[in-house]
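Asker: Sending over a structure as structure tokens; questions will come in a sec.
Protein chains: 2
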Amino acid sequence: MQEKYIKPLLNHFESRGAVLSDTHNEIIGAAFQYRKLRKNQYILQAGDVARYETYVLKGLLRTYLVDEKGQEHIMKFSIEDWWAGDLYSYYTNKPTSYNIDCLEETEVLQIAREDLEKLQTEIPGLNHYYQLLYRNSVIAFNKRVAASLCNTATERYIEFIERYPEIDQRVPNHQIASYLGIAPASLSRIRGQYFRSGR
Amino acid sequence: MQEKYIKPLLNHFESRGAVLSDTHNEIIGAAFQYRKLRKNQYILQAGDVARYETYVLKGLLRTYLVDEKGQEHIMKFSIEDWWAGDLYSYYTNKPTSYNIDCLEETEVLQIAREDLEKLQTEIPGLNHYYQLLYRNSVIAFNKRVAASLCNTATERYIEFIERYPEIDQRVPNHQIASYLGIAPASLSRIRGQYFRSGR
DNA sequence: AAATTTCGTTAACCTATGTTAATTTTGAAG
DNA sequence: CTTCAAAATTAACATAGGTTAACGAAATTT
Chain A
9 MQEKYIKPLL NHFESRGAVL SDTHNEIIGA AFQYRKLRKN QYILQAGDVA RYETYVLKGL
69 LRTYLVDEKG QEHIMKFSIE DWWAGDLYSY YTNKPTSYNI DCLEETEVLQ IAREDLEKLQ
129 TEIPGLNHYY QLLYRNSVIA FNKRVAASLC NTATERYIEF IERYPEIDQR VPNHQIASYL
189 GIAPASLSRI RGQYFRSGR
Chain B
9 MQEKYIKPLL NHFESRGAVL SDTHNEIIGA AFQYRKLRKN QYILQAGDVA RYETYVLKGL
69 LRTYLVDEKG QEHIMKFSIE DWWAGDLYSY YTNKPTSYNI DCLEETEVLQ IAREDLEKLQ
129 TEIPGLNHYY QLLYRNSVIA FNKRVAASLC NTATERYIEF IERYPEIDQR VPNHQIASYL
189 GIAPASLSRI RGQYFRSGR
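Sequence order for the protein chains is A and B.
Taken in order, the first sequence gives residues 9 to 207; the numbers are from this note's numbering.
Taken in order, the second sequence gives residues 9 to 207; the numbers are from this note's numbering.
And the structure:
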């Protein structure tokens, strides 16, 4: 793989405390595959087994569910320097319930489970990285569940645009509504009130 | 610590793939502290720093938030062989937003962060355990967020009692309502409909 | 630029859930 | 066993948010 593709991921690991030799860097570069994806392209569809975890180099991915009534519910947006995937399917080889697709033209690095496990054996520092990643993910999910229990849709919307202004700029409002668990028309109503009353 | 207190935790680690020598077992036993707690006793209060992660030997803990209007929202129940704590506060030393108290007389094992970190250095197998623990926790949170986006209160209630029949037996309904994010009167209504229509 | 599709807004109406309060049931403590 | 407190139920009413549909504005495609 070209250096320019793997470099951001190496930086990512190092900025989270991993200490990587040149050999390590080569091993990592060999384990990940670079892919360039078109807008609207799927990287995972419900029913598939998630064979890869995906690191976003550029672009924007969306992870969503389709319920029995056919409605889409967005679980997560993944922008540059974030991950996307379904850990459940990845580690059990069972079919995923999630769909992941590109909201923009997107470039990613992907790693298969076998390769990730080998990587973690060969580079113990990465073990620490993944423990930290999952731990922080647990902390973030705690906040998200807490918000859904404690806050109104209006409060959750304000929190969202303050916390993820960049995503707010890049995705249409009806997708933000879906992420917040409300109908597009409801978000419109909320925005109307919020902006009318002086932001 | 007495063997009978540490044994369940050692079994817990081994059942998740850790291979532990006698020396390891002793190190672990020395790192955890046993505590017996009365019903209603707090093990963590909002504003405190979470100095311990807690493994439940016996009893039942509840983790909850109090919002600005003074309402309680239950985030989690922890029964035998589960953990309780606030990872955010534990790892940052910042004050927690959560309260954890005992719904029953409860016995626990607790470990301070410094001791846990030492443990993970001395027993690499535990590193793998914690990565697995957090990863599974992420998977569980994904399901919980998915349910809150896709399912009605009725569906979430049915799922809860099917998945956690034991907790359902041990905690009052208004606490289950709080966990589900609905008012006690609403849960009553839901139960009325559900049981009347033949379960 | 025109045409077409997607998106956002608004309004009318509907439904699930919240709120409060009264009443009954259950459970704990003396 | 009795008493008292906590929990559950029920009903009346209030409200946030859902649904649908119509319309106008953007954005994309041709």
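Just so you know, even glycine gets a beta-carbon here, dropped at the ideal spot from N, CA and C.
Just so we're clear, the structure is a prediction, and the values are computed from it rather than from any experiment.
For residue 81 of chain A, which residues in chain B fall below 8 Å Cβ to Cβ?
Answerer: The contacting residues are 154, 157 and 158.
Asker: Establish whether the CB of residue 40 of chain B and some CB of chain A are separated by less than 8 Å.
Answerer: Not an interface residue.
Asker: For a cutoff of 8 Å on Cβ pairs, would you count residue 85 of chain A as touching chain B?
Answerer: No, residue 85 of chain A lies away from the interface with chain B (no Cβ there is under 8 Å from its Cβ).
Asker: Take the Cβ of residue 50 of chain A as the centre, count every other Cβ of all protein chains shown within 10 Å, and call the residue buried at 16 or more, exposed below.
Answerer: The residue in question, residue 50 of chain A, is exposed, as its Cβ has fewer than 16 Cβ neighbours within 10 Å.
Asker: Run through DSSP, which three-state label would residue 15 of chain B get?
Answerer: In this structure, residue 15 of chain B counts as helix in the three-state DSSP scheme.
Asker: Alpha carbon to alpha carbon, how far is residue 196 of chain A from residue 203 of chain A? Give it in angstroms, no decimals.
Answerer: Their Cα atoms are separated by approximately 10 Å.
Asker: Measure the C-alpha to C-alpha separation of residue 164 of chain A and residue 156 of chain A and round it to an integer number of angstroms.
Answerer: In a straight line, the C-alpha of residue 164 of chain A is about 8 Å away from that of residue 156 of chain A.
Asker: Roughly how many angstroms separate the alpha carbons of residue 154 of chain B and residue 190 of chain A, rounded to a whole number?
Answerer: Each residue's Cα considered, the two are about 13 Å apart.
Asker: Do residue 45 of chain B and residue 107 of chain B come within 8 Å of each other at the CB atom, strictly closer than that value?
Answerer: Contact flag unset, no.
Asker: Could you compute how far the alpha carbon of residue 75 of chain B sits from the alpha carbon of residue 187 of chain B?
Answerer: If you take the alpha carbons of residue 75 of chain B and residue 187 of chain B, they lie about 14 Å apart.
Asker: Does the separation of the CB atoms of residue 175 of chain A and residue 85 of chain A fall below 8 Å?
Answerer: In contact: residue 175 of chain A and residue 85 of chain A (Cβ atoms closer than 8 Å).
Asker: Taking residue 73 of chain B as the query, report the chain A residues whose CB atoms sit under 8 Å from its CB, ordered along the chain.
Answerer: Going along chain A in sequence order, the residues near residue 73 of chain B (Cβ under 8 Å) are 154, 157 and 158.
Asker: DSSP beta-bridge partners for residue 52 of chain A?
Answerer: BP columns for residue 52 of chain A point to A:108.
Asker: Taking C-beta to C-beta, are residue 68 of chain A and residue 178 of chain A nearer than 8 Å?
Answerer: Yes, the Cβ-Cβ distance between residue 68 of chain A and residue 178 of chain A is below 8 Å.
Asker: For the region 136 to 150 of chain A, list every residue whose C-beta sits within 8 Å of some C-beta in chain B, in sequence order.
Answerer: If the cut-off is 8 Å between Cβ atoms, the region 136 to 150 of chain A has 136, 138, 139, 142, 143, 145, 146, 147, 149 and 150 near chain B.
Asker: Of the residues A:146, A:66 and A:121, which one's Cα is nearest the Cα of residue 114 of chain A?
Answerer: The residue with the shortest Cα to Cα distance from residue 114 of chain A is A:66.
Asker: What is the DSSP secondary structure of residue 77 of chain B, counted as helix, strand or coil?
Answerer: If DSSP states are grouped into helix, strand and coil, residue 77 of chain B belongs with coil.
Asker: So, using beta-carbon positions, are residue 39 of chain A and residue 123 of chain A closer together than 8 Å?
Answerer: In this structure, residue 123 of chain A lies closer than 8 Å to residue 39 of chain A by Cβ.
Asker: Beta strand (DSSP E) containing residue 44 of chain B: first to last residue?
Answerer: Per DSSP, residue 44 of chain B belongs to the beta strand (DSSP E) from 41 to 45.
Asker: DSSP state of residue 87 of chain B, grouped into three classes?
Answerer: Three-state result, residue 87 of chain B: strand.
Asker: Tell me which residues share the same chain as residue 119 of chain A and place their Cβ nearer than 7 Å to its Cβ, disregarding the 5 neighbours each side in the sequence.
Answerer: So the list reads 39, 40, 60 and 61, once near-sequence residues are dropped.
Asker: To which residues of the same chain is residue 193 of chain A closer than 7 Å at the C-beta, ignoring the five residues directly before and after it?
Answerer: Nothing meets the Cβ criterion.
Asker: Less than 8 Å between CB atoms is the rule here; does residue 133 of chain A satisfy it with respect to chain B?
Answerer: So, not an interface residue.
Asker: Do residue 89 of chain B and residue 116 of chain B have their C-beta atoms closer together than 8 Å?
Answerer: No. Outside cutoff.
Asker: Residue 142 of chain B: which of B:181, B:92, B:158 and B:109 sits nearest, CA to CA?
Answerer: That would be B:92, whose Cα lies nearest to the Cα of residue 142 of chain B.
Asker: Quick check on residue 10 of chain B: does DSSP put it in helix, strand or coil?
Answerer: Residue 10 of chain B: coil per DSSP, three-state reduction.
Asker: Residue 19 of chain B: buried (16+ other C-beta within 10 angstroms of its C-beta) or exposed?
Answerer: The residue is exposed, with fewer than 16 neighbouring Cβ atoms inside 10 Å.
Asker: For a cutoff of 8 Å on Cβ pairs, would you count residue 60 of chain A as touching chain B?
Answerer: Closer than 8 Å: no.
Asker: Within a Cβ cutoff of 6 Å, which residues of the same chain sit near residue 206 of chain A, ignoring the five residues on either side of it in sequence?
Answerer: Nothing meets the Cβ criterion.
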